[in-house]
Amino acid sequence: MNIFRFSGDMTHLMSVLVLLLKIHTIKSCAGISLKTQELYALVFLARYLDIVTNFISLYNTIMKLIFLGSSFMIVWYIRRHRIVRRSYDKEHDTFRHLFLVLPCFILALLINERSAFKEIMWTFSLYLEAVAILPQLVLLQRTKNIDNLTGQYVFFLGAYRALYICNWIYRYFTEPHYVHWITWISGLVQTLLYADFFYYYFNSWKNNVKLQLPA
Amino acid sequence: TEDQNGKDEL
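Protein chains in written order, with the numbering used here: chain A, 122 to 336; chain B, 1056 to 1065.
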């Protein structure tokens, strides 16, 4: 495993921890999109179907369990927790799951490396992960005051994607036969979706003002 | 332990 891949996994882990920290300690999910969180839960469910059948490493299995567990835990907190759910911004979080899930599933049926069930689900998870952040970005745009933890959550997620691209470039040059068009293109699309957010995030940090995305 | 398919990624 190279340093980019490891750092990417760690920033991904950080993003989840920041979000859980916010929800668990402040008992608030203000500014967090339930739609995005539900899509991530679906992404991990579809991608890690092989968790029991295909052992790669202890690291791999533990990380998969963490991402699966935390994504469902976050959804549970927002939907069911007596206090947390009160802060959920239902009026502004209006993105429809199906508009993202259905096209991704159809695309996975059409464009995949092998048309086996697990392979299609894996491809579906890549396509869906690429666009799963959209409801969250829309919600941020509609939110006047983005708190620090929410901003950091999205920042860490974006950093994770950027580091994965470095990882692919590194692996392409160091490993024989490492060519994965589907992973690369969906990963690139996903990273580009953060470009706008990053621009405003760094500006707010540089000028030391509160983060706000233009409508 | 890294498999050929890149499926060792999360």
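For glycine and all other residues, C-beta sits at the position ideal for the given N, C-alpha and C.
Keep in mind the model is a prediction, meaning the values are calculated, not measured.
Chain B within 8 Å of residue i, Cβ atoms only
i	result
A/N233	no
A/R282	no
A/I177	yes
A/R126	yes
A/M337	No answer is possible for residue 337 of chain A: the residues shown for chain A start at 122 and end at 336.
A/F245	no
Coarse secondary structure for residue i, derived from DSSP in three states
i	result
A/I172	coil
A/D214	coil
A/Y198	helix
A/S154	coil
A/Y161	helix
A/N266	coil
Residue i - containing alpha helix (DSSP H), residue span
i	result
A/E250	F238 to V252
A/P347	Absent from the structure is residue 347 of chain A, since the part of chain A shown begins at 122 and ends at 336.
A/L332	Run containing A/L332: none; DSSP gives neither H nor E here.
A/S136	I124 to I147
A/D317	A316 to K327
A/V259	L255 to R263
Rounded distance between the beta-carbons of residue j and residue i, thought under 8 Å
i	j	result
A/L314	A/L255	7 Å
A/I172	A/I232	That belief does not hold up - the Cβ atoms of A/I172 and A/I232 are roughly 24 Å apart, past 8 Å.
Near the ligand GDP: residue i beta-carbon under 7 Å from a heavy atom
i	result
A/Q333	Although the ligand GDP was asked about, the structure shown includes no ligands whatsoever.
>> Using 8 Å as the cut-off, can you tell me whether the segment 178 to 195 of chain A makes contact with the segment 127 to 145 of chain A, which would need three or more C-beta pairs spanning the two stretches below that distance?
In response: Taking a cut-off of 8 Å for Cβ pairs, the segment 178 to 195 of chain A and the segment 127 to 145 of chain A touch, as three or more such pairs fall below it.
> Are there three or more Cβ pairs, one per stretch, closer than 8 Å when the segment 215 to 227 of chain A is compared with the segment 158 to 170 of chain A?
Replying inline: Touching, per the Cβ criterion.
>> For the segment 263 to 272 of chain A against the segment 139 to 154 of chain A, do three or more pairs of beta-carbon atoms, one drawn from each stretch, fall closer than 8 Å, so that the two count as touching?
In response: yes
>> Can you confirm whether the segment 294 to 301 of chain A touches the segment 190 to 203 of chain A when touching is taken to mean that 3 or more C-beta pairs between the two stretches lie within less than 8 Å?
In response: no
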